[in-house]
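Undergrad: What follows is a structure written as structure tokens; I'll ask about it next.
Residue numbers (this note's numbering), protein chains in the order written: chain A, 19 to 219; chain B, 19 to 219; chain C, 122 to 385.
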């Protein structure tokens with residue numbers, strides 16, 4: 019097991035993108051248990067300057083966040099996101115899978131082309147499956163790259179998600195007096211389990 | 019000292035070039051002893067999958083030499099598909115099942131054999147059933163592998179022209195007065211049994 | 122709904138000042154909902170306990186003042202004003218049992234929900250951006266190229282590439298004037314294929330025009346294309362040594378004949 023731990027340590031170390039246990043095992047000699055080795059490795063790195071973190075269904079090594087001050091030389095200048103882009107990103111993350119019309123309903127203004135384009139280019143959002151409502155509109159979901167960037171294990175770890183859900187603020191409540199859309203029932207069902215499931219691939 | 023060890027660990031991990039003790043100390047809080055921390059850190063990594071090695075007058079982290087065989091997959095050279103291949107693939111995805119002649123009709127240039135062969139080899143397209151037109155030409159459709167690679171549930175999840183434009187992916191607006199061609203979201207989805215009738219216009 | 126009996130003339134000085142301050146900067150708002158949310162802050166209560174009636178009044182006052190100052194308000198601000206005026210009357214008048222549709226309270230509750238939801242999204246957006254971020258607070262491996270040794274080539278493309286590629290093709294089609302009318306084009310490849318099949322029967326000198334594909338001889342545009350490609354294909358076959366070609370005079374008919382023994 020010590021040898022397997024060394025192996026996954028080396029591979030994780032050499033790759034900058036998160037890597038799944040399955041990918042790890044496919045590289046290791048036959049019969050290795052990457053999952054068990056990972057448990058040992060994560061323990062070993064606990065409290066160190068470098069951490070083994072979970073990102074979606076993968077793992078990656080990242081420097082400890084409290085040491086960021088040492089790294090000024092490494093910081094890459096990130097294009098500053100507009101307020102519209104930040105809000106749109108948050109809405110996609112918390113309401114995913116979410117259609118463009120739903121984003122506009124929440125923000126009260128139309129979503130500009132450039133905003134979605136920018137988020138797609140950053141690879142923080144991607145197209146999800148179409149909604150089962152009339153017109154079958156395309157949806158947006160956040161990506162593993164998004165999780166990695168914000169240090170989230172999965173979309174369920176989004177800050178305040180539980181509270182928002184409990185307060186009913188993540189419900190898609192139609193304005194009073196409008197007819198419920200056809201096929202809404204089905205959709206409701208989907209979205210309750212949708213959020214996490216989208217990250218399994 | 020444990021804290022200083024964490025610091026140099028994080029810096030060594032995140033920097034792309036070997037780094038000298040002097041540089042390390044210049045980044046650390048005043049009064050730190052990078053040399054002593056380095057002794058501890060090197061000891062800690064002894065025999066592990068990752069090593070702290072001396073390079074010139076600097077230090078760097080490297081995967082252990084005996085684990086080089088694990089890095090074989092890292093040596094895959096990833097190349098972008100050619101523009102011709104991407105366009106051909108896009109047409110197949112949006113219009114499947116589609117014949118070679120139809121692809122040429124849409125692209126306006128002939129499709130080279132190599133392009134189709136490459137897509138077949140990648141297992142992103144395969145032969146579909148023959149068309150019931152004179153000559154019974156063979157058709158192409160996309161594969162499950164294609165859907166997996168592009169994170170799609172099914173080919174109908176591909177955004178339509180309207181949505182592409184909304185997302186800012188269509189740079190050019192049609193000249194005023196021209197009718198939009200096909201790809202108007204709804205139109206496309208309606209065709210549940212293959213999108214081939216789109217060619218009838 | 123608290124404070125539904127609030128009277129217009131009791132609007133506090135502080136509120137009036139706030140509303141006036143807002144007027145100066147109407148461009149700073151991202152639509153009516155954003156403005157409403159800002160106005161609601163002057164009530165200094167939990168968004169769940171907000172008085173929608175009071176908010177409607179604040180908004181209408183705002184719009185009135187903007188008009189007085191001759192500020193151009195976008196259409197959606199005016200639509201919202203009309204809707205809020207309607208909502209205000211519904212909230213103030215006793216419910217009419219005859220009238221269809223949702224009650225004023227229901228509409229007010231939904232507006233309050235929208236405001237609360239937008240505020241909640243802004244709060245979590247701020248929390249999200251305040252998180253430690255990759256490349257700013259924590260870092261990936263700085264040097265990942267040390268193991269790169271070229272061994273196998275795989276090809277990749279992203280969904281974005283795919284969609285942009287498709288968009289490129291379809292957009293090109295929208296500029297029809299710049300694209301040849303492909304219906305009337307007989308390509309050289311097609312002609313070559315056709316000629317290869319035909320030369321076996323061309324034992325004696327025959328006019329080039331007799332080799333044109335069926336249905337292409339009458340329409341002038343089609344005939345022109347087919348003639349050009351058939352001629353080009355013939356030259357190609359001559360080069361390959363399968364065909365002989367001759368023309369007795371300028372503008373005389375071009376004639377073709379099979380060549381029996383291919384050249385060296």
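Glycine included, each C-beta is placed from N, C-alpha and C at the ideal position. Given the structure is predicted, the values throughout are model-derived calculations rather than measurements.
Going along chain C in order, which residues have a C-beta closer than 8 angstroms to the C-beta of residue 224(A)?
TA: Lying before the first or after the last residue shown, residue 224(A) is absent from chain A, which here runs from 19 to 219.
Undergrad: Give the residues from the stretch 110-131 of chain B that approach chain C closer than 8 angstroms (Cβ to any Cβ), ordered along the chain.
TA: 111, 112, 123, 124, 125, 126, 128
Undergrad: Verify the CB distance criterion: does residue 32(A) have a CB-CB separation below 8 angstroms to chain B?
TA: Yes, residue 32(A) counts as interfacial toward chain B.
Undergrad: For residue 21(A), count neighbouring Cβ atoms within 10 angstroms of its own Cβ and tell me buried if that reaches 16, exposed if not.
TA: exposed
Undergrad: Do residue 32(B) and residue 28(A) have their CB atoms nearer than 8 angstroms?
TA: no
Undergrad: 8 angstroms is my cut-off, CB to CB: does residue 336(C) come that close to chain B?
TA: no
Undergrad: Is residue 89(A) a contact residue of the ligand PLP, with contact defined as CB to any heavy atom under 7 angstroms?
TA: Among the components of this structure there are no ligands whatsoever, and the ligand PLP is therefore not found.
Undergrad: Please name the residue or residues paired with residue 129(B) in a DSSP beta bridge.
TA: Note: residue 129(B) sits in no beta bridge, so no partner.
Undergrad: Can you find the residues in the same chain that come closer than 8 angstroms, C-beta to C-beta, to residue 8(B), ignoring five residues on each side of it along the sequence?
TA: Lying outside 19 to 219, the shown extent of chain B, residue 8(B) is not represented and no answer is given.
Undergrad: Indicate the three-state DSSP secondary structure (helix, strand or coil) for residue 106(C) in the structure shown.
TA: Lying outside 122 to 385, the shown extent of chain C, residue 106(C) is not represented and no answer is given.
Undergrad: Using only the alpha-carbon positions, how far apart do residue 188(A) and residue 25(B) sit?
TA: 41 angstroms
Undergrad: Out of 197(C), 198(C), 229(C), which one is the CA nearest neighbour of residue 212(C)?
TA: 229(C)
Undergrad: Please classify residue 170(C): does DSSP put it in a helix, a strand, or coil?
TA: helix
Undergrad: Starting from the C-beta of residue 315(C), find all residues in its chain whose C-beta is less than 7 angstroms away, skip the five residues before and the five after it, and write them out in chain order.
TA: 334
Undergrad: Going by beta carbon distance, what residues of the same chain come within less than 6 angstroms of residue 35(A), once the five residues before and after it are set aside?
TA: none
Undergrad: For chain C, is any of its Cβ atoms less than 8 angstroms away from the one on residue 144(A)?
TA: yes
Undergrad: Against chain B, does residue 351(C) count as a neighbour if the rule is that its beta carbon must be under 8 angstroms from one of theirs?
TA: no
Undergrad: With C-beta atoms as the reference, is residue 180(C) less than 8 angstroms away from residue 214(C)?
TA: In this structure, residue 180(C) keeps its C-beta atom at 8 angstroms or more from the C-beta atom of residue 214(C).
Undergrad: Reducing DSSP to helix, strand and coil, say where residue 307(C) ends up.
TA: Reduced to three states, the DSSP call for residue 307(C) is coil.
Undergrad: With residue 312(C) and residue 350(C) assumed to form a contact (beta carbons below 8 angstroms), what rounded beta-carbon distance in angstroms separates them?
TA: 4 angstroms
Undergrad: Which one or two residues does DSSP pair with residue 143(B) in a beta bridge?
TA: 160(B)
Undergrad: Quick one: what's residue 69(A) bridged to in DSSP?
TA: Partner(s): 80(A).
Undergrad: For the beta strand (DSSP E) containing residue 375(C), list its first residue and its last residue.
TA: Here the beta strand (DSSP E) through residue 375(C) covers 375-379.
Undergrad: Give me the chain C residues within the contact set of residue 191(A), using Cβ-Cβ distance strictly less than 8 angstroms, ordered along the chain.
TA: 231, 234
Undergrad: Starting from residue 133(B), find everything on chain A with Cβ-Cβ shorter than 9 angstroms and list it in chain order.
TA: Those do not exist, as residue 133(B) stays about 25 angstroms from chain A at its closest Cβ, beyond 9 angstroms.
Undergrad: Does residue 161(A) have its Cβ less than 8 angstroms from a Cβ in chain C?
TA: no
Undergrad: Identify the continuous alpha helix (DSSP H) that holds residue 198(C) and give its terminal residues.
TA: 196-213
Undergrad: If you run the structure through DSSP and keep just helix, strand and coil, what is residue 30(A)?
TA: helix
Undergrad: In angstroms with no decimal places, state the Cα-to-Cα distance between residue 23(B) and residue 61(B).
TA: 11 angstroms
Undergrad: Pull up the DSSP beta-bridge partners for residue 259(C), would you.
TA: 255(C)
Undergrad: Mind checking if residue 104(B) is an interface residue toward chain C, Cβ cutoff 8 angstroms exclusive?
TA: yes
Undergrad: Using a threshold of 8 angstroms, state whether the C-beta atoms of residue 176(A) and residue 111(A) are closer than that.
TA: yes
Undergrad: Express the C-alpha separation of residue 170(B) and residue 378(C) in angstroms, rounding to a whole number.
TA: 56 angstroms
Undergrad: Measuring alpha carbon to alpha carbon, tell me which of 358(C), 184(C), 232(C), 257(C) ends up nearest residue 170(C).
TA: Shortest Cα-Cα distance from residue 170(C) to any of 358(C), 184(C), 232(C), 257(C) involves 232(C).
Undergrad: Helix, strand or coil for residue 225(C)? Go by DSSP, reduced to three states.
TA: Helix.
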